[in-house]
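Q: So that we are looking at the same thing, I have put the structure below in structure tokens.
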Amino acid sequence: MTEIKIPDGVTAIGDRAFCECKSLKEITIPDGMEEIGSNSFEYCQSLKSITIPDSVTVMGTSVFGQCTSLESAVIGDGI
Numbered sequence: 045m046t047e048i049k050i051p052d053g054v055t056a057i058g059d060r061a062f063c064e065c066k067s068l069k070e071i072t073i074p075d076g077m078e079e080i081g082s083n084s085f086e087y088c089q090s091l092k093s094i095t096i097p098d099s100v101t102v103m104g105t106s107v108f109g110q111c112t113s114l115e116s117a118v119i120g121d122g123i
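Dropping the structure here:
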């Protein structure tokens with residue numbers, strides 16, 4: 045899996061939800077998302093960029109730990 049689109053209406057990503065998805069390159073987080081749990085994308089070693097909308101107000105720890113290819117993270121004003 046190289047791309048994930050989280051459907052509208054989902055408001056939280058659980059702890060470790062995508063942890064160790066080594067082929068994940070791109071993720072689309074919709075407006076309306078409120079929370080991203082701890083270690084959600086940890087060890088996603090192919091993830092290059094992510095945009096987090098303003099609606100996200102809670103982020104756990106080490107969300108992007110060991111994402112060695114991450115070049116760009118755009119984080120909205122909610123955090």
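Residue numbers (the working numbering): 45 to 123.
Yeah, the Cβ is synthetic: ideal placement off N, Cα and C, and Gly gets one too.
Is it true that the CB of residue 75 sits closer than 8 Å to the CB of residue 7?
A: It is not possible to answer for residue 7, since the shown part of the chain is limited to 45 through 123.
Q: DSSP puts residue 103 in a beta bridge; with which residues?
A: As a position in the sequence shown, residue 103 is number 59, starting the count at 1. Here residue 103 is bridged, per DSSP, to 80.
Q: Taking 7 Å as the line, does the beta carbon of residue 85 fall inside it for any heavy atom of the ligand NAP?
A: In the structure on display, the ligand NAP does not appear, and there are no ligands present to speak of.
Q: The beta strand (DSSP E) with residue 117 in it runs from where to where?
A: As a first step, residue 117 must be located in the sequence shown, where it is residue number 73. Per DSSP, residue 117 is one residue of the beta strand (DSSP E) stretching across 116-119.
Q: Going straight from the alpha carbon of residue 122 to that of residue 77, what length do you get?
A: Within the sequence shown, the letter at position 78 stands for residue 122. Within the sequence shown, the letter at position 33 stands for residue 77. Cα to Cα, residue 122 sits roughly 11 Å from residue 77.
Q: Whole angstroms is fine: what's the gap from residue 56's alpha carbon to residue 115's?
A: Looking up residue 56 in the sequence shown gives position 12. Looking up residue 115 in the sequence shown gives position 71. Cα to Cα, the separation comes out at about 24 Å.
Q: Just grab the DSSP bridge partners of residue 56 for me.
A: Here residue 56 is taken as the residue at index 12 of the sequence shown, counted from 1. Answer is 79, bridged to residue 56.
Q: Could you pull out every residue in the same chain whose Cβ sits closer than 7 Å to the Cβ of residue 103, ignoring the five residues on either side in sequence?
A: Your numbering for residue 103 matches position 59 in the sequence shown. Around residue 103: 80, 123.
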